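Trainee: Got a structure for you, written out below as structure tokens; questions coming shortly.
2 protein chains.
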Amino acid sequence: MLDRCLGARRVRQIQRALRHGKITLLCLFLTVLVLRGYLGAGKFGTPEQDFKEIKDHLYFRKRAEPHRVLEEAQTTTTETTTENKNYNTFDPTKIAVDEEGDDEKPDPSKPYSLGPKISDWDEQRTKWLANNPGFPNFIAPNKPKVLLVTGSSPKPCENPVGDHYLLKSIKNKIDYCRLHGIEIFYNMALLDAEMAGFWAKLPLIRKLLLSHPEIEFLWWMDSDAMFTDMAFEVPWERYKDHNFVMHGWNEMVYDEKNWIGLNTGSFLLRNCQWSLDMLDAWSPMGPKGKIRDDAGKILTRELKGRPVFEADDQSAMVYLLGTQRDKWGDKVYLESAYYLHGYWGILVDRYEEMIQNYHPGLGDHRWPLVTHFVGCKPCGKFGDYSVERCLKQMDRAFNFGDNQILQIYGFTHKSLASRRVKRIRNDTSNPLEVKDDLGLLHPSFKAVKVSSSSWSVLTTVQ
Amino acid sequence: MLDRCLGARRVRQIQRALRHGKITLLCLFLTVLVLRGYLGAGKFGTPEQDFKEIKDHLYFRKRAEPHRVLEEAQTTTTETTTENKNYNTFDPTKIAVDEEGDDEKPDPSKPYSLGPKISDWDEQRTKWLANNPGFPNFIAPNKPKVLLVTGSSPKPCENPVGDHYLLKSIKNKIDYCRLHGIEIFYNMALLDAEMAGFWAKLPLIRKLLLSHPEIEFLWWMDSDAMFTDMAFEVPWERYKDHNFVMHGWNEMVYDEKNWIGLNTGSFLLRNCQWSLDMLDAWSPMGPKGKIRDDAGKILTRELKGRPVFEADDQSAMVYLLGTQRDKWGDKVYLESAYYLHGYWGILVDRYEEMIQNYHPGLGDHRWPLVTHFVGCKPCGKFGDYSVERCLKQMDRAFNFGDNQILQIYGFTHKSLASRRVKRIRNDTSNPLEVKDDLGLLHPSFKAVKVSSSSWSVLTTVQ
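The listed protein sequences correspond, in order, to chains V and U. The first sequence runs 1 to 462 under this note's numbering. The second sequence runs 1001 to 1462 under this note's numbering.
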């Protein structure tokens, strides 16, 4: 009817204008939402506020999945095509298809196992430590021997700059670990083809714990996580009665079973029988193919907010803890007092504010221990955020941490965006009288005790 | 006259054939020479044989210069264009031209200095060590505290795969250093704009020595050098009366002043007054621009076999030692009994033979401690060797070293060319009874002495 009043042409014009108008309004709406996401929230400190910010960011993710490491997977002949269609999973040890032969096919009738069952690890370990005083599990009282474990693919990144960021990331870890007397293991090998992708860390962790009884704590850290507080020492004594420390919130895990109620991109695991049992309980959802796919469906159904994709280690942990709290909960510490893992989206725009108002050593929202670039994936082609924003912020986070190292030597970056450094303290002919403001030159947490044997075989078997 | 006998056309044909023939002969000649270079020499152990091989390889280098690190320089606004035309120098801290401002211009009337003169460093250091027993300069008797220093540019490599090889290289160093109780400092900052390029290590080394009196030896290692003997421990006690250890040959340096009579891509420098003086004596040829260019001419004239290019730190060291042996020679150890630096060209094709006939722990031509990819420059665009050969051989060298780490855990690469790993030892429920063949799991050179204070402040002040 309208066209008879206004004329067909006019009606078409109006219809076109309306369509354009709708599109314009939609774009405007999306822009506002995205801007709101970027600008972030105000204060931090409660899981709800942290969490709301993370949820907003995640709302617009292209493919919602936990991205705890920095890489783009390559297809191997043994990978399912489904896996690659849905998302780009991190596989720290993906193997080129052009290499000789396939891995041995696992026997489908045998349930997956991380290795031969061990039930007396605490006893084995105690005996070994007593017989090997040259390899103590404590460097000093309240200072356990820690191995930081991380890694990436043995293949060059698909995205040319990806390897550059992996390089900066490992330099960042080398710096923190040198200051804190922590050793590093950088993995580039896939030890178990069935546990490819984010699950690859489980066989690796088990292997390292069992090979190195002198390690008291193993610290897994994703390659897309960087240290941004060089002065913060983990409060080891806080965990004397716990075996597994992750950043997270009890309510989000045990009450809500929220899939991001904890983060497995940076965690501490004590070397003990309990941990071996935990790894065994954690692993069943991991074997790739039908097991992992079906497990993914269960996790999506059972966890709050979890999108559809194959089982990942983080969701599996939420599920495990959420359903078996009585069995595991007393030895798990969900830490939210400092950023053992800090989601980058709510931190990186505040670095200047932090520099203005705070100082290193706090480890929390005021000066985060770890800034973790979940979802960025500079090594691959498809991240969940704009490449430009990710890389720019990763440079800033790197420089934010690097400044704390450089100031030891009297230098700093010209700005958080700049690779260049400038001098902030002149050299003198009495270099040992220099006061480095942060006390990182010879930090107390690195000092060794050289004349006592009483603590050297201290164990905290759980 | 010839054309009247044979006809003009025929003469032209003959001329063309002759030209083609000459070209063919030239190509054949070059091919033979290159092949001879690749095939390498037979036995090793004498500097003449090693040296001859190196000379043959160098003969065909596009731009003859020492390439001790793995990078392609970027032009900064403060760099001279001459520098970039002649060669591609490594500048571990080259700065992007798009960044704010220039560095401060040095005062041309003041002679270059690495820093304020210090004359009592041994005394300062002894006092500090006595007052800081928590930071001993010896880990165990005959085991000094060592800091391995390396680095690369803060910019992404021009060649996309370059950063991937930097990443593998640092992983390789992390592995060796973890086994040997050595800390790592990975530098990505240019501390002194005048000393850019290969000279950048001098201000860095001085800064680190003076900041860390607990370091007994600083081990500089280029980013294009990799550890290929994970079991070899440097014979520290051999150097108890020396302060500076480089791979090289006395005759080549002191008698011939041969520009590759020693190598500054991997060296040990004791933390003492003598070393500060050495750095001061070494540095004058370094400041970029006229000083470095003119010094380059002197070095080309004075050293045997040195091509034309600006002064580099290695040539300057040969010149310094060759002309001032009395002053420095007694504290310099030119080591040729093992490959503190091992030129890749004469090593990489022999890895399979080494695996067949020898074992790790030898450190010499039978199983080189270090394989150093001088001239490869995967980070840049223009290396001196084919990119394909360099990358392929770097992968092999990496895997050769990595196998020694993987075997600790029961794995090995499927071949020296393969990123994939395979199991060589099954897991058991008694992991601590495993014998790792190379004894690298808990090596004796890593064991700490936990109950003695007599050695902890041992100094070897020279």
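Note that beta-carbon positions come from the ideal geometry of N, C-alpha and C, so glycine has one too. Just so it is clear, the structure is predicted and the values come from calculations on it, not from any experiment.
With a cut-off of 8 Å, do at least 3 Cβ pairs link the region 1198-1206 of chain U to the region 1167-1183 of chain U?
Mentor: Too few Cβ pairs lie closer than 8 Å, so no.
Trainee: Taking only runs of the alpha helix (DSSP H) that begin and end inside the region 366-437 of chain V, which ones reach a length of at least 4 residues, in chain order?
Mentor: Entirely contained in the region 366-437 of chain V, the alpha helix (DSSP H) runs reaching 4 residues are, in chain order, 387-406.
Trainee: Give the C-beta separation of residue 1189 of chain U and residue 406 of chain V to the nearest angstrom, bearing in mind that I take them to be a contact with Cβ-Cβ under 8 Å.
Mentor: Right, their Cβ atoms sit about 6 Å apart.
Trainee: Within 8 Å (strictly less), CB to CB, does residue 1063 of chain U reach chain V?
Mentor: In this predicted model, residue 1063 of chain U has a pLDDT of only 35, less than 50, meaning its place in the structure is not dependable; the value taken from the coordinates is given anyway. Not closer than 8 Å to any Cβ of chain V, the Cβ of residue 1063 of chain U fails to qualify, so no.
Trainee: Would you give the residue range spanned by the beta strand (DSSP E) that residue 1270 of chain U belongs to?
Mentor: Segment 1262-1270, the beta strand (DSSP E) holding residue 1270 of chain U.
Trainee: Taking 6 Å as the limit between beta carbons, can you name the residues of its chain near residue 239 of chain V, skipping five residues before and five after?
Mentor: Correct list, in chain order: 245, 333.
Trainee: Listing by chain order, which chain U residues have their CB less than 7 Å from the CB of residue 132 of chain V?
Mentor: Chain U residues near residue 132 of chain V: 1442.
Trainee: Would you grab the beta carbon distance between residue 1360 of chain U and residue 1314 of chain U for me? Rounded to a whole angstrom, and I think it's under 8 Å.
Mentor: No, residue 1360 of chain U and residue 1314 of chain U are not in contact; Cβ-Cβ is about 28 Å, not under 8 Å.
Trainee: Under 7 Å Cβ-Cβ, which residues of chain A neighbour residue 1407 of chain U?
Mentor: Of the protein chains in the structure, V and U, none is chain A.
Trainee: Suppose the cutoff is 8 Å on Cβ atoms and the five residues either side in sequence are ignored; what does the same chain contact list for residue 423 of chain V look like?
Mentor: Result list for residue 423 of chain V: 410, 411, in chain order.
Trainee: Run down chain V in chain order and give the residues with a C-beta less than 8 Å from the C-beta of residue 1184 of chain U.
Mentor: Result: 174, 178.
Trainee: Using a Cβ cut-off of 7 Å, pull out every chain U residue sitting near residue 188 of chain V, in sequence order please.
Mentor: Per Cβ cutoff of 7 Å: 1171.
Trainee: Leaving aside the five residues before and after residue 1322 of chain U along the sequence, list all residues of the same chain whose C-beta is less than 7 Å from its C-beta, in chain order.
Mentor: Contacts found: 1253, 1254, 1257.
Trainee: Measure the alpha-carbon distance for residue 1229 of chain U versus residue 1348 of chain U and round it to whole angstroms.
Mentor: Cα-Cα distance, rounded: 13 Å.
Trainee: Using a beta-carbon distance cut-off of less than 9 Å, what residues from the region 1351-1383 of chain U approach chain V?
Mentor: Per Cβ criterion, the list is empty.
Trainee: Output, in chain order, the set of chain V residues within a Cβ distance shorter than 7 Å of residue 1146 of chain U.
Mentor: By Cβ distance, chain V contributes nothing, its closest Cβ being about 13 Å from residue 1146 of chain U, past 7 Å.
Trainee: To the nearest angstrom, report how far apart residue 1216 of chain U and residue 440 of chain V are at their CA atoms.
Mentor: Taking the straight line from one Cα to the other gives about 19 Å.
Trainee: Flag residue 141 of chain V as yes if its beta-carbon sits less than 8 Å from any beta-carbon of chain U, otherwise no.
Mentor: No, no contact with chain U.
Trainee: So, is residue 444 of chain V buried or exposed, given that buried needs 16 or more other C-beta atoms within 10 angstroms?
Mentor: So residue 444 of chain V ends up on the exposed side.
Trainee: Can you tell me whether DSSP reads residue 183 of chain V as helix, strand or coil?
Mentor: The answer is strand: DSSP assigns residue 183 of chain V an E or B state.
Trainee: In the region 1155-1243 of chain U, which residue ranges form an unbroken beta strand (DSSP E) of at least 3 residues, counting only runs that do not cross its ends?
Mentor: If we require 3 residues or more, the beta strand (DSSP E) runs fully inside the region 1155-1243 of chain U come out as 1183-1187, 1217-1221, 1225-1227.
Trainee: Could you tell me if residue 77 of chain V is buried or exposed, where buried requires 16 or more neighbouring beta carbons within 10 angstroms of its beta carbon?
Mentor: Because the pLDDT at residue 77 of chain V is just 31, under 50, the model does not fix this residue reliably, and the value given afterwards should be weighed accordingly. Exposed is the call here.
Trainee: Rounded to whole angstroms, what is the Cα-Cα separation between residue 1365 of chain U and residue 1219 of chain U?
Mentor: Between residue 1365 of chain U and residue 1219 of chain U, the C-alpha separation is close to 21 Å.
Trainee: Kindly indicate the opening and closing residues of the beta strand (DSSP E) around residue 333 of chain V.
Mentor: Unbroken beta strand (DSSP E) run through residue 333 of chain V: 332-335.
Trainee: Let me know the secondary structure DSSP gives residue 258 of chain V once reduced to three states.
Mentor: If DSSP states are grouped into helix, strand and coil, residue 258 of chain V belongs with the strands.
Trainee: Would you call the CB atoms of residue 179 of chain V and residue 446 of chain V closer than 8 Å?
Mentor: A contact, by the Cβ cut-off of 8 Å.
Trainee: Is the Cβ-Cβ distance between residue 1528 of chain U and residue 132 of chain V less than 8 Å?
Mentor: In this structure chain U extends from 1001 to 1462, so residue 1528 of chain U is not present and cannot be described.
Trainee: Go to residue 329 of chain V, then tell me how far its alpha helix (DSSP H) extends in each direction, as first and last residue.
Mentor: Looking at the DSSP string, residue 329 of chain V is not in any alpha helix (DSSP H), and its letter there is neither H nor E.
Trainee: Using the beta-carbon of each residue, which ones in chain U are nearer than 7 Å to residue 427 of chain V?
Mentor: Those within 7 Å of residue 427 of chain V in chain U are 1115, 1116.
Trainee: Which chain U residues are close to residue 447 of chain V, counting only those with a beta carbon under 7 Å from its beta carbon?
Mentor: Those are 1134, 1135, listed as they occur along chain U.
Trainee: Please name the residue, chosen from V:386, V:346, V:127, that lies closest to residue 1432 of chain U on a Cα-to-Cα basis.
Mentor: Among V:386, V:346, V:127, the Cα nearest to that of residue 1432 of chain U belongs to V:127.
Trainee: Quick check: what's the CA-CA separation for residue 464 of chain V versus residue 280 of chain V?
Mentor: Absent from the model: residue 464 of chain V. The displayed extent of chain V is 1 to 462, so no value can be given.
Trainee: Residues of chain V with CB closer than 9 Å to the CB of residue 1220 of chain U, please, in chain order.
Mentor: Under the 9 Å cutoff, chain V gives no residues; its nearest Cβ is about 16 Å from residue 1220 of chain U.
Trainee: I'd like to know whether the C-beta atoms of residue 1401 of chain U and residue 1341 of chain U end up nearer to each other than 8 Å.
Mentor: Not in contact: residue 1401 of chain U and residue 1341 of chain U (Cβ atoms no closer than 8 Å).
Trainee: Using the three-state DSSP reduction, which class does residue 358 of chain V fall into: helix, strand or coil?
Mentor: Three-state DSSP puts residue 358 of chain V in coil, outside helix and strand.
Trainee: Near residue 399 of chain V, which residues of its chain fall below 6 Å by C-beta distance, leaving aside the five closest residues on each side in sequence?
Mentor: Excluding positions up to five away in sequence, the list reads 413, 416.
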